[in-house]
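Those protein sequence lines, which keep their order, are chains A and B.
Start counting at 1 in the first sequence, then tack on 661, and there's your number in this note's numbering.
Start counting at 1 in the second sequence, then tack on 41, and there's your number in this note's numbering.
Virtual Cβ for every residue (Gly too), placed ideally from N, Cα, C.
On a predicted model such as this, the values are computed, not experimentally measured, just so you know.
One structure is given here, and the rest of the page talks about it.
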Amino acid sequence: MAPILQVKNLHHRYSIGTPFEHVALQDVSFSVERGEFIGVIGHTGSGKSTLMQHLNGLLKPTSGEILLDGKDIWSDKKFTRQCRFRVGLVFQYPEYQLFEETVYKDIAFGPKNMGLPTEEIDRRVREAAGFVGITDAQLEMSPFDLSGGQKRRVAIAGVIAMEPEILILDEPTAGLDPEGREEILRNIESYRRAKNATIMMVSHAMADVAKIADRLLVMNQATLAMDGKPMDVFSRSQELLDMGLDIPEITRLFLKLQEKGIPVNPVYTMQQAVAELRRIREGKSHA
Amino acid sequence: MLKDITLGQFFPGNSAIHRMDPRTKLIALIVYIVALFSAGSWLSYGLVFAFLAGTIAISKIPVKAIVRGLKPLVIILVFTGLLNLLFTPGEKVLVAFWRITITLEGVVRAVLMMARILMLISGTFLLTYTTSPIGLTDGLESLLGPLKKIHVPVHELSMMMCIALRFIPTLIEETDKIISAQKARGADFENGKLLERVKALIPILVPLFISAFRRADELATAMECRCYQGGDGRTKMKLLRYKRNDLYAFVLLVLLLVAVIFAARLGL
């Protein structure tokens with residue numbers, strides 16, 4: 662099947678013609694298959710957020726193109742607008758965009774802009790609220806009376822309600838406690854399963870990304886530095902560390918073990934670590 | 042994008058103008074404006090223009106940046122030009138049809154008035170382009186210092202100004218972000234009737250106000266945590282000191298003012 666999203670030789674410069682001009686993206690190319698879960702990692706200022714804003718046509722590339730289902734998203738105005746609905750983008754700290762009187766109305770903002778009939782809007786709002794665990798009673802509350810984590814989930818529901826084929830989230834778990842983080846990751850996963858949606862998630866929390874992403878993109882200094890399965894990417898730990906990026910705790914521990922001369926294979930999730938340790942122990946007891 | 046507006050933005054640099062004491066620059070701006078408004082003849086305008094051009098050259102601010110800042114003034118300029126062109130009485134009539142008469146005096150006056158506005162704004166831009174907001178408020182506080190004697194809260198005022206200036210870029214950035222976020226949810230700010238467009242602003246204004254209040258609250262708490270209590274007994278990390286450059290600037294300014302007034306008096 663053809664990839665749902667293709668990015669070809671994307672370049673972007675900010676503030677052209679002022680002393681603040683700088684390159685934000687340099688020759689970035691990759692493609693995304695339907696249903697993939699992609700984690701995007703990179704240092705602050707590496708161009709992750711800029712890249713994400715290109716994918717739904719919020720920013721126009723300085724050069725290069727972005728194809729959605731094989732069609733350039735800037736080819737005509739109507740299509741650009743349509744892309745905003747087909748590629749849902751959840752910004753960093755999305756709870757700061759809430760503005761309506763009730764949670765219900767806020768979630769309905771996106772679907773309303775799509776021009777859907779009232780019943781369809783209602784269905785989508787309730788379904789989206791369900792994905793993120795917002796109760797019917799909460800739908801009638803003011804979004805400003807909710808807790809931080811709940812606000813964040815309402816904001817995500819506001820994008821999910823547009824039922825985008827690709828859902829992009831820019832650090833959806835930043836600033837939340839571990840329980841809130843888990844909750845949001847579960848919400849995203851359940852949306853993905855229900856709609857066979859494609860997910861791209863920018864994150865600094867390596868352990869989260871390692872656990873749920875099928876594929877990782879690593880941004881470094883405005884370029885795409887790595888693109889591969891989590892195992893392949895984390896096996897290049899030293900390069901990641903040189904870019905100022907973190908690696909999952911467990912990977913770090915296993916690297917230390919290797920340094921000590923213990924013959925372990927690199928791992929990046931807890932389950933793999935358990936399996937690996939078990940393998941070694943059994944190997945030894947048999948020897 | 043909103044970010045691209047340059048109104049009153051600081052252009053970091055290291056030219057002689059950048060390094061000059063902010064007080065000198067503030068006084069220079071006042072003297073410059075007085076000179077500009079005293080000017081009445083071609084020569085006197087020429088002198089003021091030469092001064093402006095020289096200062097821009099020394100400051101190394103790209104002319105493009107200044108021109109871009111002047112763009113929003115186009116309407117005022119055209120308006121001023123037209124009014125002066127059409128309603129200046131005079132003897133040498135150039136064009137006369139129906140009720141419109143254009144006189145030579147009108148043309149001259151329109152050109153000079155437009156030049157005056159352009160030079161006024163460019164001069165002001167030069168101050169804000171070459172002086173950091175903090176330098177500017179420090180300079181202002183120091184210049185207004187004598188007013189403390191009559192119980193004007195100079196320090197508080199300059200602190201407020203400093204904070205306001207400091208938060209302009211932050212709020213612009215915030216607005217940009219909110220606009221993008223609402224656009225991502227399909228908000229449409231460019232199309233529709235006037236009422237629809239005004240309504241489209243609500244999803245931007247509500248979050249913006251909320252975040253502005255939140256920021257103000259956080260800043261106030263942070264200041265209290267550091268026991269901030271106003272001007273008395275506060276020392277400064279960067280003391281303002283006049284240097285040789287400032288002396289030259291003052292001499293040049295006096296010369297400019299005298300020359301312009303003479304030229305205008307003599308009607309050259």
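What whole-angstrom Cβ distance do A/D831 and A/L846 have, given they're in contact under 8 angstroms? Mapped onto the first sequence, residue 831 of chain A falls at position 170. Mapped onto the first sequence, residue 846 of chain A falls at position 185. The Cβ separation is near 15 angstroms, so there is no contact.
Beta-carbon contacts of B/L184 that lie in its chain and below 8 angstroms, excluding the five residues immediately before and after: As a working mapping, residue 184 of chain B is identified with position 143 in the second sequence. Here the set comprises R64, L67, I68.
Can you pull the chain A residues whose beta carbon is under 9 angstroms from the beta carbon of B/S252, in chain order? Indexing the second sequence from 1 puts residue 252 of chain B at position 211. Correct list: Y757.
Does the Cβ-Cβ distance between B/T121 and B/M160 come in under 9 angstroms? Locating residue 121 of chain B in the second sequence gives position 80, counting from the first residue. Locating residue 160 of chain B in the second sequence gives position 119, counting from the first residue. Taking 9 angstroms as the cut-off, the beta carbon of B/T121 is found no closer than this to the beta carbon of B/M160.
Beta-bridge pairing of A/D838 - partner residues as DSSP gives them: Here residue 838 of chain A refers to the residue found at position 177 of the first sequence. None, per the DSSP bridge assignment.
For B/D229, return the contacting residues in chain A, with the cut-off set at a CB-CB distance below 9 angstroms. Taking the first residue of the second sequence as position 1, residue 229 of chain B is located at position 188. Residues of chain A passing the Cβ test: R742, N774.
Residue environment, A/H715, which counts as buried when at least 16 other CB atoms sit within 10 Å: Indexing the first sequence from 1 puts residue 715 of chain A at position 54. Counting Cβ neighbours within 10 Å, A/H715 comes out buried, since at least 16 surround it.
Residues within the stretch 242 to 266 of chain B neighbouring chain A, beta-carbon criterion of under 7 angstroms: I243, P244, V247, P248, S252
Note the first and the last residue of the continuous alpha helix (DSSP H) segment covering B/F92. To locate residue 92 of chain B, count along the second sequence from 1; it is residue 51. Here the alpha helix (DSSP H) through B/F92 covers 83 to 100.
Quick check: A/K709 and A/M880, are their CB atoms within less than 9 angstroms of each other? As a first step, residue 709 of chain A is located in the first sequence; it is residue number 48 there, counting from the start. As a first step, residue 880 of chain A is located in the first sequence; it is residue number 219 there, counting from the start. Yes.
Within the 9 angstroms Cβ cut-off, does A/V820 reach chain B? Against the first sequence, residue 820 of chain A aligns to sequence position 159. Interface residue, yes.
Which class does A/N717 belong to by DSSP, given the choice of helix, strand or coil? For this step, residue 717 of chain A is matched to residue 56 along the first sequence. Coil, per DSSP.
What ranges does the alpha helix (DSSP H) occupy inside the stretch 214 to 245 of chain B, keeping only unbroken runs of at least 4 residues that lie completely in it? 235 to 240
Excluding sequence positions up to five away, which residues of its chain have a Cβ less than 7 angstroms from the Cβ of A/E850? In the first sequence, the residue the question calls residue 850 of chain A occupies position 189. Result list for A/E850: I873, in chain order.
Would you say B/Q223 faces chain A, with C-beta separation under 9 angstroms as the test? Against the second sequence, residue 223 of chain B aligns to sequence position 182. So yes, B/Q223 belongs to the interface.
Validate contact between the stretch 182 to 197 of chain B and the stretch 209 to 216 of chain B using beta carbons, cut 8 angstroms, 3 pairs: no
Kindly say whether A/L807, judged by its beta-carbon, lies nearer than 9 angstroms to any beta-carbon of chain B. Within the first sequence, numbered from 1, the residue matching residue 807 of chain A stands at position 146. Not closer than 9 angstroms to any Cβ of chain B, the Cβ of A/L807 fails to qualify, so no.
For the beta strand (DSSP E) holding B/T144, just list the boundary residues, first then last. Mapped onto the second sequence, residue 144 of chain B falls at position 103. That run of the beta strand (DSSP E) goes 141 to 144.
Among A/R674, A/G700, A/H683, whose alpha-carbon lies nearest the alpha-carbon of A/D875? Position 214 of the first sequence, counted from the first residue, corresponds to residue 875 of chain A. Cα-wise, what sits closest to A/D875 is A/G700.
So, with DSSP's three-state summary, where would you put B/G164? As a first step, residue 164 of chain B is located in the second sequence; it is residue number 123 there, counting from the start. Looking at B/G164 - three-state DSSP - the assignment turns out to be helix.
Taking A/S864 and A/I702 to be in contact with their CB atoms under 8 angstroms, please state how far apart those CB atoms are, rounded to whole angstroms. Here residue 864 of chain A refers to the residue found at position 203 when the first sequence is read from its first residue. Here residue 702 of chain A refers to the residue found at position 41 when the first sequence is read from its first residue. Indeed they touch by this definition, with Cβ atoms about 6 angstroms apart.
Using a cut-off of 8 angstroms between C-beta atoms, extract the partners of B/I219 located in chain A. Along the second sequence, read from residue 1 onward, the residue named residue 219 of chain B stands at position 178. Within 8 angstroms Cβ-Cβ: Y757, Q758.
Please confirm whether B/D45 has its beta-carbon closer than 9 angstroms to some beta-carbon of chain A. Locating residue 45 of chain B in the second sequence gives position 4, where the first residue counts as 1. With a pLDDT of 49 at B/D45, under the threshold of 50, the predicted position of this residue should be treated as unreliable, and no value is reported.
Excluding five sequence neighbours on each side, which residues of the same chain lie with their C-beta closer than 7 angstroms to the C-beta of A/K773? Here residue 773 of chain A refers to the residue found at position 112 of the first sequence. Result list for A/K773: I782, in chain order.
Residue-chain proximity (B/R64, chain A), Cβ-Cβ < 9 angstroms: Taking the second sequence and counting its residues from 1, one reaches residue 64 of chain B at position 23. Not one chain A Cβ lies under 9 angstroms of B/R64.
Taking all protein chains shown into account, decide if A/S736 is buried (16 or more other Cβ within 10 angstroms of its Cβ) or exposed. Taking the first sequence and counting its residues from 1, the one referred to as residue 736 of chain A is at position 75. The residue is exposed, with fewer than 16 neighbouring Cβ atoms inside 10 Å.
Does the CB of A/R745 have a neighbour CB from chain B at under 9 angstroms? Here residue 745 of chain A refers to the residue found at position 84 of the first sequence. It does; some Cβ of chain B falls within 9 angstroms.
Start-to-end residues for the beta strand (DSSP E) that takes in A/Y675: Sequence index remark: in the first sequence, residue 675 of chain A carries index 14 (1-based). Per DSSP, A/Y675 belongs to the beta strand (DSSP E) from 666 to 675.
Residues of chain B with CB under 9 angstroms from A/G700, in chain order? The residue you call residue 700 of chain A lines up with position 39 of the first sequence. None at all; the shortest Cβ gap to chain B is about 20 angstroms.
Residue-level contact to chain C via CB, A/V751, 9 angstroms cutoff: This model lacks chain C altogether, as its protein chains are A and B.
Would you check if there are 3 or more beta carbon pairs closer than 8 angstroms linking the stretch 883 to 903 of chain A to the stretch 852 to 859 of chain A? no
Would you say the stretch 726 to 744 of chain A touches the stretch 780 to 794 of chain A, given that touching needs at least three Cβ pairs under 8 angstroms? no
Sequence ranges, alpha helix (DSSP H) only - wholly within the stretch 745 to 805 of chain A, length at least 4: 764 to 774, 779 to 792, 797 to 800
Those runs of the beta strand (DSSP E) which lie wholly inside the stretch 154 to 202 of chain B and span at least 3 residues: The qualifying runs do not exist here; there are none.
Alpha-carbon spacing of B/G297 relative to B/F92, whole angstroms: Locating residue 297 of chain B in the second sequence gives position 256, where the first residue counts as 1. Locating residue 92 of chain B in the second sequence gives position 51, where the first residue counts as 1. Reading the sequence as shown, one finds Leu at residue 297 of chain B and not Gly. The straight-line gap from Cα to Cα measures roughly 8 angstroms.
Would you say B/R238 faces chain A, with C-beta separation under 9 angstroms as the test? For this step, residue 238 of chain B is matched to residue 197 along the second sequence. No, its Cβ sits nowhere closer than 9 angstroms to a Cβ of chain A.
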